[in-house]
Amino acid sequence: MRWWVAVAWIEELIREAEKSVDEVEVFFVEGESVSADLKRKKVSLATTSRDCGLGIRTIHKGRIGSSSTNDPTTWRDCLKAAIASARLATPQEWDGLPGPKGTDFSPLTFDASMKIEPGVARALLDAMMEGASHHTAEVTSGSAALSSVDVTLANSHGVLMSDRHTSVSVSLEAIHEQSTGFEFDHSWSFDRIDPVNVGERATFFASESAGGKDLPTGDYAVLLSPLAYGELLGNVFVPALSGKNVHAGRSRLAHSLSEQVTGPGISMYDNPHLPGAESSARYDAEGSPTQRIDFIRDGILCAFAYDVRTASRYGKTSTASAVRGGYGGSPSIGHHNFMVDGTRDTVDDERVVYVNMVVGAHTANPMSGEFSVELSNAFWMEGGEFQTPIRSAMLSGNVFDLHHAVAGLSRETRNVGSMILPSVKLNKQHIIGK
Amino acid sequence: MPGISYYDIRQVTGEVTHIDIDNSVVESAGTSFFNKAILRVLAGTGWGVLQIDNYSPCTGRKFDELLKKAARLARITEEPVSLAEAPRGLRAGPSLREDPRDVSIEEKSTLLSEIEKSATRPEVVNRRAGYIERFEQVRFSDSSGNEISFETCRSGFNILAVASRNGSIQMGYEREHAINGFNLRHRQEKGKEAADIAVALLDATAAKGGKMQAVLDPELAGVFAHEAVGHASEGDLVQEGSSILKGKIGERIGNDTLTIVDDPGLHEFGFDPVDAEGVGVARTEIIRNGVINAFLHSRESLAAVGNGIPGHARAMPGEPPLVRMSNTFIGNGDSTKEEIFAECKNGIFLAGSRGGQVDPGRGIFQFNAEYGYLIQNGECTKMVRDVSLTGEILTTLHGIVLCGNDRKMSPGYCGKGGQSVPVSDGAPHILLNDAVVGGSGVD
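Protein chains in written order, with my numbering: chain A, 2 to 435; chain B, -8 to 434.
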């Protein structure tokens, strides 16, 4: 995107908005993407897309309105809709949108060498297939996608910043007898993904999980992979750290500031400045300069996440935690690089039930934290080696409480979306066998 | 155009109006707009697909340029795609009882607020109500000269109540979505129901996991049908080899009382007047009297797999069609609810749904109830919370021994391949033997 072209109408939009509202914020994205899909071993579909989207937020006497469209030429209608929407909103305390801050706007998650081309997507699929050939399993489907997006954020306090992001992702599914395997990888940087390894891991899990044995019901030491742990953490624990949920009464952690909420060895923080990380950012989606947020330090709950809106309402300061899932109207509270940290150790020496993935984590109770999920690609593991596969079993527990039963965090970590997580070893978890 | 054997283009324009009320504060309310199109081309081997934001319908050279671009893209494909012939036809949707466009957003907000306020209780610490209304204008045309256009309206609301006492926190959640017009009037009881469940769950105990007899309410039994059978019957998964039902047409999977149907033509929340490939929709009996009978198909998967009915291709605006469920249900049997509880005698009654998930290749599924009760001597006794069920597609359905005569459909959304589409699931009350129940409770 040639952002200096975009600026002209965005500045006109801001001038127009200022005639009727106190403040306005404009979020504009424009991007292109290409993807290719496998059906079994062959490429069956190739897609390109050009997307754009405009989100407008207006604030007038504490009333916040928003609208969005993917046709920026109709920005006047979109602005009218945003202003109309504010009329209905309940007025709230409002500290004001951020003004311009800082001078360094160079992108942190942009790979200039990434080519958004069908041939590149095809080559990624070929690389995955090569990796997949190392184990006895049939590939059922797979996908490779590349994208590039330009983002402009502007507001009536003089913020006008653009950023660029690239993204590459690959995934593969495989089956052997009645056993399935799935693996994926994603990054902003082309060289940071390993498609051959993705192919190899997908067929490894399908092949290695075949012929599994059932497990009697009981309590077991469990090793959750970063994927399995991330699903439980992301569905339950992370939302409970949002200031919005805390003040609205939707967080079990609301009254636990300064209290011990996990085992003493555990820390959780957002590090937006981690070099090379997936979701690093200098500014959040409202233009506030990002900072490290220590949510949990050595087991003690220290902080919650805020954007300008929630911070204004409850007399707090924004932690620069505003994120946008797309261009749609308003930002929400999220994180950049969410990390779980603590003393690292070898976690797969002693006999343990290793769980690669879980089925049904989104059905966990987001308020109380209770869950029961089916295990996927579970194995007995000892001395760092996968041993007998486990056919089918359910893990039941509580996402909050299991953080008091942590017996160790692995040395290695893995990117799971915008979380960077170790494997987590847990003492005495309840498994319901067949 | 030379080299192009088929193309279709599907454009969806529309607007979405929403209202979000959180603890009596109108957080946001307003309207957003979209215009998305997708052009699919078959040229030689597989699909070349262009996703186009802000598409302006065009003809002649301009359109030919788009076709060429998609055809060039298709060059990297190698899987030859055939499309089965399929019937055309546009079903009429229900007429709108009251057009949401005739109701001001102020009135909608007032009505939603009444539902939200009715969830007030001393123990309820959070009430959150949402309204969503979506109008879509769909225009479809293909290289065979089919041209179809229609409009849909979907609207509905949800209400969440969160109750808290002594550090314990629980929730109740109710939702209603409709395709037949505005549905916010006189629904305050839904707020009350959400609050009642949230407060009651504070005193419920965690279910103890294990194998037991279970009675499922129509909503949860509907999700059971969706997860245990629906996904595995999707023709694209069968084609890829990632469904355990592959090659199983004609095999017995349950007893005679069990019939499971997907019907996009039904006037429920998953209704489609025509599918995303312009194919006329039809009722598909996936399981008929306990025997696997038919798969759900797109034109492509029907040509590749056979044994089923097309008209099940669905897509979000601007996204490629996938084989999807629409309105999925277990058909009525002849038992009454009372007979089902009496037959169960001792077990667990599970109600409401927090969703589910399936691995169709492995044949294993999981789904979660909102709440339940222990059944003792055919009567519901102690309330239990956080209960989920797992099962295996090929064996668990044999455990459905009784089907009630009180089928009811519930609206929801279903995700697949990054796309979320409106669906409904339903069933009568059912009795499930040897249900594998998960819960963290202990003796």
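Here a beta-carbon is modelled for each residue, glycine too, at the ideal position from N, C-alpha and C.
Any chain B beta carbon closer than 7 angstroms to residue 110/A: no
For residue 171/A versus residue 129/A, is the C-beta distance shorter than 7 angstroms? yes
Cβ of residue 103/B within 7 angstroms of Cβ of residue 0/B? no
Please identify, using Cβ separations under 9 angstroms, the residues of the region 58 to 89 of chain B that lie next to chain A, in order along the chain. 60, 61, 63, 64, 65, 66, 67, 68, 69, 70, 71 and 72
Inspect the CB distances between the region 26 to 38 of chain B and the region 307 to 317 of chain B and report whether three or more fall short of 8 angstroms. yes
With 16 as the cutoff for other CB atoms within 10 Å, does residue 336/A come out buried or exposed? buried
Quick one: is residue 115/A buried, meaning 16 or more other Cβ sit within 10 Å of its Cβ, or exposed? buried
Length-filtered (4 minimum) alpha helix (DSSP H) runs lying within the region 321 to 360 of chain B: 328 to 335
In chain order, which beta strand (DSSP E) runs of at least 3 residues are fully inside the region 292 to 333 of chain A? 294 to 298
Test item: CB-CB of residue 381/B and residue 349/B under 7 angstroms: no
Quick one: Cα of residue 404/A to Cα of residue 297/A, how far? 12 angstroms
So what does DSSP say about residue 96/B, is it helix, strand or coil? helix
Could you round the C-beta distance between residue 91/A and residue 16/B to whole angstroms and report it? I think they count as a contact, below 8 angstroms. 4 angstroms
Unbroken stretches of the beta strand (DSSP E), 3 residues or longer, contained in the region 165 to 239 of chain B: 199 to 207
Is it the case that the Cβ atoms of residue 251/B and residue 283/B are separated by a distance below 7 angstroms? no
Would you mind working out which of 364/A, 328/A, 361/A and 430/A sits nearest residue 355/A, comparing C-alpha positions? 430/A
Counting pairs of Cβ atoms below 8 angstroms between the region 18 to 25 of chain B and the region 33 to 42 of chain B, do you hit three or more? no
For a minimum of 4 consecutive residues, which ranges assigned as the alpha helix (DSSP H) are wholly contained in the region 377 to 421 of chain B? 384 to 387
I believe residue 252/A touches residue 241/A by the beta-carbon criterion, under 8 angstroms. Please report the beta-carbon distance rounded to the nearest angstrom. 4 angstroms
Three-state secondary structure assigned by DSSP to residue 189/A: coil
Starting from the C-beta of residue 91/B, find all residues in its chain whose C-beta is less than 7 angstroms away, skip the five residues before and the five after it, and write them out in chain order. 124, 144, 146, 172 and 173
Limits of the alpha helix (DSSP H) - the one that residue 279/B falls within: No alpha helix (DSSP H) holds residue 279/B; the beta strand (DSSP E) holding it covers 275 to 279.
So what's residue 38/B in DSSP terms, helix, strand or just coil? strand
Under 6 angstroms Cβ to Cβ from residue 264/B, same chain only, skipping five residues before and after it: list those, please. 81, 82, 84 and 141
Would you mind working out which of 425/B, 77/B, 247/B and 63/B sits nearest residue 300/B, comparing C-alpha positions? 77/B
Boundaries of the beta strand (DSSP E) in which residue 144/B is found, first to last residue: 138 to 156
How many Å lie between residue 294/B and residue 225/B at the Cα? 14 angstroms
Rounded to the nearest angstrom, what separates residue 367/A and residue 104/A at their Cα positions? 40 angstroms
Where does residue 288/B sit, in a helix, a strand or coil, going by DSSP? strand
Should residue 166/A and residue 111/A be called a contact, given that it needs their Cβ atoms to be closer than 7 angstroms? yes
Quick one: grab the DSSP three-state call for residue 10/A. helix
Straight-line CA distance for residue 68/B to residue 74/B? 16 angstroms
Under 7 angstroms from the C-beta of residue 119/A: neighbouring residues of chain B: 64 and 67
In terms of residue numbering, what span does the beta strand (DSSP E) encompassing residue 413/A cover? 407 to 417
Quick test of your reading: residue 313/B and residue 410/B, contact by CB under 8 angstroms. State the CB separation rounded to the nearest angstrom. 6 angstroms
Rounded C-alpha distance that separates residue 57/A from residue 25/A: 7 angstroms
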